[in-house]
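Enquirer: These protein sequence lines are chains A and V, in that order. In terms of UniProt numbering, the first sequence has 404 at position 404, counting the first letter as 1, and numbering is strictly consecutive. In terms of UniProt numbering, the second sequence has 710 at position 710, counting the first letter as 1, and numbering is strictly consecutive. C-beta: ideal position from N, C-alpha, C; glycine also. Pasting in a structure now, in structure tokens, and then I'll have a few things to ask.
Protein chains: 2
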Amino acid sequence: MPPTTAFFSASLCRRVFKQSHFLRHHRRRLHSEIEYPLTHPIYTIWASNTSLGKTLVSAGLSMAFLSSSSAPFAKKKFVYLKPVQTGFPDDSDSRFVYRKFSEFFVYKPLPFSVFASNCVSRASVPAASAVLGNGVAGGSVRNEDFGAEFVKNGGNFSGRLESVHWYEERKLQGSDSNEAELFPVSEVVCKTMYGWKEAVSPHLAAEREEAMVKDSEVLDTLNRCLRNILVGASCGTEESEVMCVIETAGGVASPGPSGSLQCDLYRPFRLPAILVGDGRLGGISGTISAYESLKLRGYDVTAVIFEDHGLMNEVPLLSYFQNRVPVLVLPSIPKDISDDLISWFEKSQMVFTSLKEIMLSAFQERIQRLHDMPKKACDVFWWPFTQHKLVPEEKVTVIDSRCGENFAVLKFQSFDWISQQFDACASWWTQGPDANLQIELARDMGYTAARYGHVMFPENVYEPALELAELLLEGVGKGWASRVYFSDNGSTAVEIALKMAFRKFLSDNKVLLQLLNDGENGRCMDLKVLALRGSYHGDTLGAMEAQAPSPYTGFLQQPWYRGRGLFLDPPTVAMCDGLWEVSLPEEMQPKKSGNECLSFGSRDEIFKKSRDDSGLASLYTSIILQELQLISDSNGLSHIGALILEPVVQGAGGMQMIDPLYQRILVRECKSQKIPVIFDEVFTGFWRLGRESAAEMLYCQPDIACFAKLMTGGIVPLAATLASHAVFEAFTGDSKLKALLHGHSYTAHAMGCTAAVKSVKWFKDYRTNMNLTPESRLLQELWDTELVLQISLLPAVNRVVSLGTLCAIELRAEGCNAGYASTYASSLLKKLHGDGIYMRPLGNVIYLMCGPCTSPDVCRHLLEKVYSRIREFAQQKDKSTISTS
Amino acid sequence: MPPTTAFFSASLCRRVFKQSHFLRHHRRRLHSEIEYPLTHPIYTIWASNTSLGKTLVSAGLSMAFLSSSSAPFAKKKFVYLKPVQTGFPDDSDSRFVYRKFSEFFVYKPLPFSVFASNCVSRASVPAASAVLGNGVAGGSVRNEDFGAEFVKNGGNFSGRLESVHWYEERKLQGSDSNEAELFPVSEVVCKTMYGWKEAVSPHLAAEREEAMVKDSEVLDTLNRCLRNILVGASCGTEESEVMCVIETAGGVASPGPSGSLQCDLYRPFRLPAILVGDGRLGGISGTISAYESLKLRGYDVTAVIFEDHGLMNEVPLLSYFQNRVPVLVLPSIPKDISDDLISWFEKSQMVFTSLKEIMLSAFQERIQRLHDMPKKACDVFWWPFTQHKLVPEEKVTVIDSRCGENFAVLKFQSFDWISQQFDACASWWTQGPDANLQIELARDMGYTAARYGHVMFPENVYEPALELAELLLEGVGKGWASRVYFSDNGSTAVEIALKMAFRKFLSDNKVLLQLLNDGENGRCMDLKVLALRGSYHGDTLGAMEAQAPSPYTGFLQQPWYRGRGLFLDPPTVAMCDGLWEVSLPEEMQPKKSGNECLSFGSRDEIFKKSRDDSGLASLYTSIILQELQLISDSNGLSHIGALILEPVVQGAGGMQMIDPLYQRILVRECKSQKIPVIFDEVFTGFWRLGRESAAEMLYCQPDIACFAKLMTGGIVPLAATLASHAVFEAFTGDSKLKALLHGHSYTAHAMGCTAAVKSVKWFKDYRTNMNLTPESRLLQELWDTELVLQISLLPAVNRVVSLGTLCAIELRAEGCNAGYASTYASSLLKKLHGDGIYMRPLGNVIYLMCGPCTSPDVCRHLLEKVYSRIREFAQQKDKSTISTS
């Protein structure tokens with residue numbers, strides 16, 4: 001798009017690039033440790049534009065909350081936080097709230113006393129100097145609400161943001177003569193976190209005053225504030241009611257100090273929102289658009305409030321918001337700047353009281369619902385792969401939301417918290433987006449639903465399906481695939497692949513085809529699939545038949561399963577005690593000559609193409625040829641119609657890495673015998689193992705390959721079966737009956753295709769995926785090599801496989817502790833949940849899984865926690881062994 | 001939410017209700033016949049707020065376009081349309097563009113002459129009087145661009161909008177002395193469609209001046225304008241370049257005259273957008289939010305342009321829009337109202353030229369892509385159920401978008417058009433939303449992606465999954481189901497249902513279970529499913545096995561298929577020659593006593609429970625018992641482990657309606673023999689047949705039921721298998737291995753659950769679905785009974801089944817013209833495509849399918865077209881029979 005930059009100097013372009021680069025880098029590291037109590041309502045006050053009266057609403061709420069009659073004798077605490085203030089100190093919204101509350105109190109006192117205070121923590125140099133110059137600063141600095149950490153850091157940890165000793169307070173005397181006996185002293189606490197001098201957008205002020213503050217710092221400070229304020233209030237012995245509001249700066253999508261839009265900046269908290277709308281001409285549009293921007297970031301808007309300008313904006317707004325969000329109208333605000341607004345506040349009292357009631361009851365409803373959810377889930381859900389008898393209510397995790405790689409879960413620890421957990425099972429192997437991609441996907445999903453909904457696929461074309469097909473053929477299908485067949489999930493993709501392969505096999509074997517054409521219905525012909533033991537291809541019957549018998553395939557699970565495969569035992573590879581070792585299956589042991597090299601110093605050596613000339617290669621070749629010979633020697637009715645394998649790593653089979661040399665030889669031999677080759681890349685595709693497709697690591701190409709899971713970035717189900725031109729040709733002819741008659745209604749649905757286009761492009765572009773460089777098509781190493789080695793040395797650990805986004809650890813276990821149904825790891829995982837890592841075991845195998853864009857720093861952090869918990873776990877197991885022996 | 005209305009009088013509430021009711025009613029009927037040429041670029045100019053300079057941008061574009069140097073000797077035509085103008089006649093944006101263009105031309109003439117004009121068509125009484133009072137009106141009225149219809153109607157078809165004879169024109173003399181020989185005369189055409197006097201939001205002005213105009217009228221007028229202008233320009237012999245811009249009023253979500261938001265009002269056109277942003281403080285937020293509102297309606301934004309206010313808003317905007325949308329900055333606009341802006345336009349010329357270039361090249365790119373799509377689709381897609389050899393490029397439909405029930409497709413007729421087609425295969429049986437629900441779903445999809453992305457399901461709970469499970473159990477599962485098992489599509493839902501049923505059967509038959517527990521691996525036990533011939537349950541192997549042999553199940557399609565069912569031939573029902581008739585399968589014929597009533601005057605009689613006592617009931621019972629006896633008499637290794645059926649209508653089997661009496665008796669007999677009953681409601685569920693579940697029409701309940709398709713409103717794939725408590729209990733125990741070990745990664749994905757919650761609620765609420773009344777749980781009759789009867793009487797028609805949202809018509813055909821692979825109906829369907837109805841046949845069966853909210857008026861309209869085309873078709877067939885005989 002060359003004209004874009006026609007009007008901008010090169011330096012501006014550099015600046016924009018620098019900024020967005022900076023932003024990406026920033027956002028990537030943020031929201032690590034967000035955790036705040038759900039004991040009291042916290043709301044964010046947003047506005048659809050600047051100067052619409054957010055601060056008036058906050059001040060009005062302080063008055064309404066304090067005069068609340070619901071619990072007249074409880075201590076009340078209203079907290080007002082202004083994280084980002086520009087135009088400071090001339091403008092200070094926290095001071096405005098503090099003062100207006102005080103003035104209103106004096107004008108119309110409450111029966112009880114109130115201790116009101118206002119403090120400002122940090123400001124840019126120009127703003128801080130202005131404070132000193134003004135001599136406005138009051139008494140001492142009370143910093144306890146910012147927590148110990150802040151004090152330790154001396155308050156000046158942003159380089160150019162100075163700490164400001166602005167603190168003012170007053171005690172407002174209650175009107176009841178017995179108040180000292182009857183009521184505890186209530187509080188109104190106002191705080192500004194950061195101030196800048198110029199009255200412009202925070203990102204401009206921060207830049208001009210050379211006083212930047214990172215997004216992560218803003219969030220950390222806010223998090224500490226909330227924790228200290230609310231935890232303090234909850235731990236006290238007296239009954240207390242608290243309400244906290246956080247006022248943003250400007251409009252919902254106005255940039256914060258770093259340049260990130262504020263609606264993105266505060267997203268990790270996902271606090272419920274009050275939207276201050278616009279009652280002026282044009283204000284309906286602005287209010288609705290602002291609401292939609294908040295929704296597009298996953299916020300819940302509890303109420304919309306705006307100032308009356310006589311245009312009846314409430315009529316269309318009520319119509320738009322009907323049954324969704326209450327709309328409140330404030331009386332017109334006096335324009336005379338000498339007006340102290342006291343009588344306006346009095347006139348507005350009823351509206352603010354209603355707003356407060358709405359906020360309190362929405363909060364109560366939310367808490368109630370969150371509490372009820374585990375029981376209800378246990379009552380109505382039927383979870384897959386789950387023995388419900390083993391999942392009591394208290395084991396159910398309530399997931400409130402996710403932001404990038406992190407869940408926000410409900411956690412109980414003395415009281416309720418919203419706590420972030422790293423989703424280390426990457427939502428069951430599908431999820432890839434970081435927080436930035438998630439927001440992009442949200443907008444794209446909205447757009448696609450509005451543009452297409454869903455449109456039927458056969459004989460039609462529409463942009464997302466075409467764009468995705470092209471992208472897949474240039475990416476994972478490059479060099480071999482010519483057609484894309486869409487379906488819904490890995491299992492259907494595999495059923496389709498098998499149908500393709502069998503047809504190709506039959507059309508390549510003219511003799512067999514002739515038999516069929518001669519009227520043999522083929523039912524006596526036994527087409528088998530060649531597959532590897534331990535592989536998993538899905539749970540529909542056709543996919544199950546390609547799997548060796550396992551706990552999933554028993555008669556009680558699926559009485560129709562027969563296992564129509566010839567199943568080979570593959571050699572596996574893993575890091576054991578610091579070395580990458582190949583384990584040969586039993587049947588190969590006797591044929592070993594002893595010259596085979598089975599240990600490797602590094603993972604890269606295992607993937608070397610030069611191993612094709614090794615002794616192990618000869619061993620593998622002879623074993624494979626022998627197996628293939630066996631079947632062709634059989635009755636003549638059995639034929640191998642397809643080879644199917646998961647390249648490099650078998651996922652559900654316990655995160656087993658298969659010797660790539662073995663798979664390469666197997667593919668070569670099948671191809672030479674005209675057996676069509678299917679790669680099941682449902683798990684391994686799209687950078688799961690560090691490359692766009694795992695096939696690249698085998699240096700060979702299939703005839704058919706299946707993709708799903710990560711393809712859509714993990715947002716909606718979609719699968720694709722790619723096929724070569726020769727496979728496609730086996731289905732062309734004059735009759736529709738020769739076509740592949742398999743399909744699902746949502747085939748190539750626009751939503752899935754759009755998500756996949758965005759995600760696949762995002763993952764493979766070094767400008768959006770910082771784990772890639774312009775030069776390399778490989779993800780950088782995400783799991784610290786030394787730490788992986790250390791973990792493999794732990795006595796409790798049997799083997800480790802770290803590759804791409806996956807780090808799997810098999811715990812040493814025996815008997816009923818091993819295998820799929822084992823609950824051996826549960827105590828360990830519970831500890832790790834407490835550490836903020838959400839993991840789910842595969843029997844005695846545990847794993848960490850991240851997205852293709854997850855920072856190696858985050859991975860190291862996770863791995864360190866896992867390392868120390870496993871060490872601890874082993875010690876406990878040792879102890880318990882000793883104590884029982 | 002009681003506090004919402006606390007501040008509004010009852011009359012306001014009534015008004016709001018009336019308005020939204022009015023809106024719903026309105027929007028429901030709109031966009032019927034939208035069709036406009038793609039010969040020249042048409043853009044809509046939007047703004048993020050009022051008074052940001054949309055009209056200045058339009059005027060600037062007129063100048064830039066006319067002075068374009070790309071084809072200096074071509075005739076140029078710039079069209080400016082202002083559909084909705086308030087503050088008229090004092091404010092008139094079309095006059096402003098007309099005048100500024102003329103003034104600028106005089107100041108800086110082009111080499112060629114330009115004929116400029118401005119006209120205003122209709123206005124409210126106060127506005128029209130003001131025009132007369134002002135005496136501003138110019139010469140004659142040229143109305144040709146509004147088409148013949150408008151002239152016929154006398155221009156005054158809105159009741160209170162009067163036609164205004166405001167027309168002004170001037171010829172601007174070219175500067176080149178030879179211009180008359182060298183250049184054709186170019187044109188600048190400015191038009192205002194509707195004017196109101198008060199300078200307020202159009203919905204307010206329309207109300208206050210009692211001059212409403214319906215959305216459909218605005219669209220129709222606009223559509224006619226575009227057609228006349230562009231078709232005229234394209235049919236001329238001389239080379240001409242045209243650009244058209246349509247300027248909206250206020251902000252993107254400002255209400256139009258009826259109160260609908262303008263971004264919703266103009267959505268059926270989905271014209272590419274230019275967004276005029278805001279360069280002021282707070283303007284970054286407003287611009288981004290406005291952009292997001294446009295995206296949430298499926299618009300493509302081609303460029304963002306805004307006035308510089310010295311705040312460098314372009315820096316964060318460029319960062320936000322990076323790689324997506326070009327951002328242009330206009331010089332600051334003089335604030336002095338006496339300034340004629342000529343020098344500002346001169347200064348801005350470069351920016352406008354760039355904007356124009358961006359618009360032209362985006363248009364070219366779009367056209368090119370649309371043209372390329374069919375070929376590319378044929379090259380890379382592998383469509384399901386499609387013999388590619390039979391689908392040449394020219395048969396491929398390019399779908400640009402959908403709006404409610406209508407596709408917008410690319411159509412070639414002399415030149416390219418975007419043309420609306422009713423999606424009569426309801427995107428392959430999934431699609432249900434009207435235009436309003438689609439927009440709601442779009443916002444919800446964006447929200448859900450932002451809030452959850454996807455989170456894994458087992459042992460977790462999150463709001464959308466829980467809400468959906470509760471909703472299903474209170475709806476389609478009411479009275480019998482207690483658990484919800486999620487999966488991805490109908491086929492997987494059926495595989496799960498079969499696994500459930502078999503387990504239940506085994507646990508109910510202790511003897512068999514004992515055998516298994518004694519170590520029998522069960523492989524010798526042959527569990528069969530009882531099913532109906534002609535049924536379809538999906539394309540994965542397990543689902544296929546429950547189907548009788550058919551074209552889908554041949555050895556070449558799936559060599560593993562055996563057909564593990566006992567397949568019964570059911571009696572069917574249809575309207576034949578004006579009567580509802582039961583057809584008995586051959587095997588029942590000999591057992592008929594002759595007393596059975598096989599004809600019915602109305603469809604309702606067929607569903608009557610009182611038929612249980614009829615002679616036909618006895619016949620059915622005896623046949624069914626006999627079949628069940630046969631299997632239990634067999635070798636003892638075969639058992640019927642489940643009954644599966646599609647209640648009432650078999651979809652893929654050719655839209656066959658099964659006699660509900662037969663199905664009811666079958667269910668009763670199976671239940672009495674402890675055979676678990678599965679209802680496959682994938683096709684029939686959620687009002688497809690006029691009720692929330694088809695089971696209601698059978699008056700009986702299953703043990704297990706499968707739902708998918710319409711459940712999400714047809715936006716993303718999601719399926720649910722509901723089960724009774726007794727079925728669930730067969731899987732509980734102490735071991736995980738006893739649990740149902742079947743699952744898919746995206747199980748209960750938040751996107752699908754959210755879409756389903758919204759859609760199911762929308763469909764079942766009479767306030768959103770106008771086909772329901774508060775009293776009734778039935779959709780009103782959508783297909784005109786008399787028309788259906790007339791169609792059944794046509795000689796070309798064999799039978800008709802009209803029920804709920806479905807109207808299926810079997811054409812009389814023989815030999816290779818009948819059956820699944822038949823292409824018999826293709827010439828008929830081609831005609832209907834031309835009529836704006838997108839249909840797809842099932843062999844010689846054609847069908848119309850609408851959504852649960854589609855208006856009966858629309859259905860009648862469709863049916864009328866189908867009726868006359870079938871009549872015509874039969875005549876042609878007759879003729880061809882005659883001519884060949």
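1. I want to see whether chain A comes within less than 8 Å of residue 288 (chain V), judged by CB atoms only; does it?
2. Got a sec: is the Cβ-Cβ distance from residue 298 (chain V) to anything in chain A below 8 Å?
3. Does residue 337 (chain A) pass the burial test, meaning 16 or more other C-beta atoms within 10 Å, or should it be called exposed?
4. Using a cut-off of 7 Å between C-beta atoms, extract the partners of residue 715 (chain V) located in chain A.
5. Along the region 359-388 of chain V, what residues have a CB closer than 7 Å to any CB found in chain A?
6. Mind checking residue 641 (chain V): buried by the 16 CB within 10 Å criterion, or exposed?
7. Please work out which residues of its chain come closer than 7 Å, Cβ to Cβ, to residue 560 (chain A), disregarding the five sequence neighbours upstream and downstream, and give them in chain order.
8. What residues of chain A sit near residue 458 (chain V), judged by a beta carbon separation below 7 Å?
9. Return the chain-ordered list of same chain residues with a C-beta closer than 6 Å to the C-beta of residue 202 (chain V), the five sequence neighbours on each side being excluded.
10. Between which residues of its own chain and residue 481 (chain A) is the CB-CB distance below 8 Å, once the five residues before and five after are set aside?
11. Does the beta-carbon distance from residue 387 (chain A) to residue 735 (chain V) come in below 8 Å?
12. State the DSSP-derived secondary structure class of residue 839 (chain A), mapped to helix, strand or coil.
13. Count the other C-beta atoms from every protein chain shown that fall within 10 angstroms of the C-beta of residue 777 (chain A), then say buried if there are 16 or more, exposed otherwise.
14. Below 9 Å between beta carbons is the criterion; list the residues of the region 477-499 of chain V that meet it against any residue of chain A, in chain order.
15. Ignore the nearest five residues each way along the sequence and tell me which others in residue 876 (chain A)'s own chain have a CB closer than 8 Å to its CB.
16. Counting only beta-carbon separations shorter than 8 Å, does residue 293 (chain V) have a partner in chain A?
17. Give the residues from the region 550-561 of chain V that approach chain A closer than 7 Å (Cβ to any Cβ), ordered along the chain.
18. Are any of the Cβ atoms in chain B nearer than 8 Å to that of residue 470 (chain A)?
19. Comparing C-alpha positions only, which one of V:359, V:246 and V:282 sits nearest to residue 302 (chain V)?
20. Between the C-alpha atoms of residue 865 (chain A) and residue 811 (chain A), what's the straight-line distance to the nearest angstrom?
21. By how many angstroms is the C-alpha of residue 429 (chain A) removed from the C-alpha of residue 838 (chain A)?
22. Anything in chain V within Cβ reach of residue 68 (chain A), meaning under 8 Å, just list it in chain order.
23. So residue 649 (chain A) and residue 689 (chain A) are in contact, right, with Cβ under 8 Å, and what is the actual spacing, rounded?
24. Using a Cβ cut-off of 7 Å, pull out every chain A residue sitting near residue 462 (chain V), in sequence order please.
25. Let me check understanding here. Comparing Cα to Cα, which of A:528, A:112 and A:116 lies closest to residue 80 (chain A)?
26. Name the one or two DSSP bridge partners that residue 245 (chain A) has.
Expert: By the coordinates alone:
1. Residue 288 (chain V) counts as touching chain A.
2. By this cut-off, residue 298 (chain V) is an interface position.
3. Of the residues assessed, residue 337 (chain A) falls on the exposed side of the cut-off, its CB having fewer than 16 other CB atoms within 10 angstroms.
4. Within chain A, the residues whose beta carbon sits less than 7 Å from that of residue 715 (chain V) are 449, 453, 454 and 751, listed in sequence order.
5. Of all residues in the region 359-388 of chain V, only 373, 374, 376, 377, 380, 381, 382, 383, 384, 385, 386, 387 and 388 place a beta-carbon less than 7 Å from a beta-carbon of chain A.
6. The residue in question, residue 641 (chain V), is buried, as its Cβ has 16 or more Cβ neighbours within 10 Å.
7. Excluding sequence neighbours, residue 560 (chain A) sits near 541.
8. Simply 383, 384, 385 and 386.
9. Cβ neighbours of residue 202 (chain V) within its own chain (closer than 6 Å, five residues either side excluded): 84, 86, 249, 256 and 257.
10. For residue 481 (chain A), where only same-chain residues beyond five positions count, the Cβ hits under 8 Å are 472, 473, 705, 722, 723 and 724.
11. It is a contact, given that the beta carbons lie within the stated cut-off.
12. Looking at residue 839 (chain A) - three-state DSSP - the assignment turns out to be coil, as it is neither helix nor strand.
13. In the assembly as shown, residue 777 (chain A) is an exposed residue. Its beta-carbon has fewer than 16 other beta-carbons within 10 Å.
14. Hits within the stretch, in order: 482, 483, 484, 485, 486, 487, 488, 489, 490, 491, 492, 495, 496, 498 and 499.
15. For residue 876 (chain A), where only same-chain residues beyond five positions count, the Cβ hits under 8 Å are 827.
16. So yes, residue 293 (chain V) belongs to the interface.
17. Those would be 551, 552, 555, 556, 557, 558, 559 and 560, in chain order.
18. The displayed structure is made up of protein chains A and V, and chain B is not among them.
19. Distance check between residue 302 (chain V) and each of V:359, V:246 and V:282 places V:359 closest, using alpha-carbon atoms only.
20. A direct Cα-to-Cα measurement between residue 865 (chain A) and residue 811 (chain A) gives close to 16 Å.
21. The alpha-carbon atoms of residue 838 (chain A) and residue 429 (chain A) are separated by roughly 13 Å.
22. Within chain V, no residue comes near residue 68 (chain A); the closest Cβ sits about 14 Å away, beyond 8 Å.
23. Contact flag correct, Cβ pair sits at about 6 Å.
24. Listed along chain A, the residues sitting closer than 7 Å to residue 462 (chain V) by beta-carbon distance are 399.
25. Of the listed residues, the one whose Cα sits closest to residue 80 (chain A) is A:116.
26. Residue 245 (chain A) is bridged by DSSP to A:43 and A:80.
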